[in-house]
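Numbered according to the numbering used here, the sequence shown spans residues 1 to 195.
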Amino acid sequence: MAEVKHVAVLLADGFEEGEAVVFIDIMRRLDIKVDVLSCMKTTALNTYFETKISADYVLTDKFDKTYDAVMMPGGPQGTDNLSANANVIAFLKRHIEANKYICALCSSGAKVLAAHHLLQGRTYTTGDKLAEKFDDGEFIKQKVVVDGQFITGRGLGVSFEFAFTVARYLLADNHEKVDWQANHIYFDHWPLNNA
């Protein structure tokens with residue numbers, strides 16, 4: 001039997017809740033285990049649009065665990081909070097060194113990964129004009145960009161494409177399951193042409 005994949009979702013106050021919830025939903029539908037990790041002091045989080053959401057754990061509880069993938073949603077304040085958190089950057093660096101998938105949606109690609117030179121020149125996508133503020137990485141205007149272990153998406157409107165792309169890489173031996181689930185929820189924009 002195939003090993004169950006395990007993903008960490010990093011959330012900080014001000015995160016874009018729609019991006020996070022769609023991603024978590026798709027992972028769990030596909031039997032990919034998800035730990036939602038608060039990068040704040042408590043599991044209760046303040047979201048971009050004030051939806052009440054709680055994490056499973058705080059990051060420090062799971063800091064030493066290695067996941068198959070680490071995902072970050074966008075949200076202006078949320079990505080500022082992730083970027084300013086030394087534990088978040090150390091956690092990401094360890095997963096990059098372990099060759100795990102690093103999955104950044106919306107502004108997190110620029111404001112967390114590029115801001116800390118974690119992309120090391122790889123191609124990526126992010127929200128409009130954010131890439132212009134950082135000299136790391138090569139911005140590509142596509143819905144989803146995959147470059148090695150880095151999977152990035154433009155924003156909320158491509159949350160499903162992004163989540164299914166991540167799932168397809170995690171479940172590399174079972175693309176049929178991913179495709180079936182996309183069809184099951186009537187998601188007509190799959191598979192992606194540019195991912």
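C-beta atoms are modelled at their ideal positions from N, C-alpha and C, and glycine is treated no differently.
Would you mind working out which of the options sits nearest residue i, comparing C-alpha positions?
i, options, result
"D13", "V34, D35, D135, C39", "C39"
"K62", "H117, L37, K141", "L37"
"S54", "P76, I24, V70", "I24"
"V4", "T43, A90, N174, A182", "N174"
"T47", "P76, V70, K41", "P76"
"A2", "H117, W190, A172, N183", "A172"
"H6", "Q181, I89, H184, V70", "V70"
"G148", "I102, W180, N183", "I102"
"G74", "A182, V21, A86, K41", "V21"
Per DSSP, which residues does residue i bridge with? Please list them.
i, result
"V88", "Answer is none; V88 lacks a bridge partner."
"I53", "L45"
"E138", "T123"
"K33", "H6"
"T66", "T66 pairs with nothing; no bridge assigned."
"A104", "M72, T152"
"V144", "G153"
"L171", "Bridge partners of L171: none, in fact."
"S38", "L11, V58"
Could you tell me how far apart the beta carbons of residue i and residue j are, in whole angstroms, since I believe they sit closer than 8 angstroms?
i, j, result
"V112", "S83", "5 angstroms"
"L59", "L10", "7 angstroms"
"T125", "K100", "Not confirmed; about 20 angstroms, so no contact."
"C106", "L170", "Actually they are not in contact, since the Cβ atoms of C106 and L170 sit about 20 angstroms apart, beyond 8 angstroms."
"G78", "F15", "3 angstroms"
"I89", "H117", "Actually they do not touch by this definition, with Cβ atoms about 10 angstroms apart."
Within the same chain, show all residues whose beta-carbon is closer than 6 angstroms to that of residue i, passing over the 5 residues directly before and after it, in chain order.
i, result
"A195", "With a pLDDT of 45 at A195, under the threshold of 50, the modelled position of this residue cannot be trusted; read the value that follows with caution. Counting only Cβ-Cβ distances below 6 angstroms, and skipping sequence neighbours, we find V144, V146, T165."
"F162", "L105, V144, G153"
"G127", "C106, S107, G155"
For residue i, which residues of its own chain have a beta-carbon under 7 angstroms away from its beta-carbon, when the five flanking residues on both sides are left out?
i, result
"A104", "M72, V112, L113, T152"
"A167", "I26, M27, L30, I32, V178"
"E17", "T47, Y48, F49, T51, I53"
"G109", "Y124, T125, T126, T152"
Who are the Cβ neighbours of residue i in its own chain at under 8 angstroms, not counting the five residues just before and after it?
i, result
"T43", "S54, A55, D56, Y57, V58"
"G121", "D136, G137, E138"
"D188", "none"
"N87", "C39, L59, T60, F63"
Is the stretch 92-109 in contact with the stretch 51-67, if contact means three or more CB pairs nearer than 8 angstroms?
-> yes
Any chance the stretch 131-138 sits against the stretch 15-34, with 3 or more Cβ pairs inside 8 angstroms?
-> no
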